[in-house]
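J.: Using the numbering used here, the first residue of the sequence shown is number 265, and each one after it goes up by one. The C-beta atom is built at its ideal place from N, Cα and C for all residues, glycine as well. Keep in mind that this is a model prediction, so the values were computed, not measured.
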Amino acid sequence: MVQYMLSNITPAGRTLAPEQLQQVIQDVTAVTGEMQSAGVWVFAMPLADPASATVVSSRDGAITLADGPFAELKEYVGGITVIDVADLDAAVAWAGKVSEATGLDIEVRPAPSFGG
Numbered sequence: 265m266v267q268y269m270l271s272n273i274t275p276a277g278r279t280l281a282p283e284q285l286q287q288v289i290q291d292v293t294a295v296t297g298e299m300q301s302a303g304v305w306v307f308a309m310p311l312a313d314p315a316s317a318t319v320v321s322s323r324d325g326a327i328t329l330a331d332g333p334f335a336e337l338k339e340y341v342g343g344i345t346v347i348d349v350a351d352l353d354a355a356v357a358w359a360g361k362v363s364e365a366t367g368l369d370i371e372v373r374p375a376p377s378f379g380g
């Protein structure tokens with residue numbers, strides 16, 4: 265089995281009407297339930313808007329902080345889901361369900377194992 269991160273690619277400035285947001289939440293909850301029933305779900309979480317980010321850099325022991333995203337963004341990762349599946353084809357199939365539920369493009373990326 266391989267873990268994959270499914271990243272929700274959210275257009276900057278995307279807003280949903282309350283009823284649209286409720287529908288997305290309902291649809292995502294249903295897909296998450298399917299993943300849990302199939303035994304592939306590891307965890308998921310939404311992410312706050314990039315404006316809430318803090319960029320941290322450390323050089324020679326000195327930590328520097330900067331508010332907001334590192335660069336102006338046309339899109340950002342609005343949430344992630346980690347699944348544990350047999351292969352890329354299985355990850356893509358689940359990503360398709362997440363895309364359908366969210367109305368967003370989903371980036372699928374494997375998480376390499378480092379022998380642990």
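Is the region 297-312 in contact with the region 324-331, if contact means three or more CB pairs nearer than 8 Å?
T.: Verdict: no, contact absent.
J.: Taking the beta strand (DSSP E) that G342 belongs to, which residues open and close that run?
T.: Locating residue 342 in the sequence shown gives position 78, counting from the first residue. Segment 339-349, the beta strand (DSSP E) holding G342.
J.: Buried or exposed for S271, please, with buried defined as at least 16 other CB atoms from any protein chain shown within 10 angstroms of its CB.
T.: The residue given as residue 271 occupies position 7 in the sequence shown. Counting Cβ neighbours within 10 Å, S271 comes out buried, since at least 16 surround it.
J.: Pick from V266, Q267, P275: whose alpha carbon is nearest that of G367?
T.: As a working note, residue 367 is residue 103 in the sequence shown. For the residues V266, Q267, P275, the minimum Cα distance to G367 belongs to P275.
J.: Between which two residues does the beta strand (DSSP E) containing P310 stretch?
T.: Here residue 310 corresponds to residue number 46 of the sequence shown, with the count starting at 1. Unbroken beta strand (DSSP E) run through P310: 305-310.
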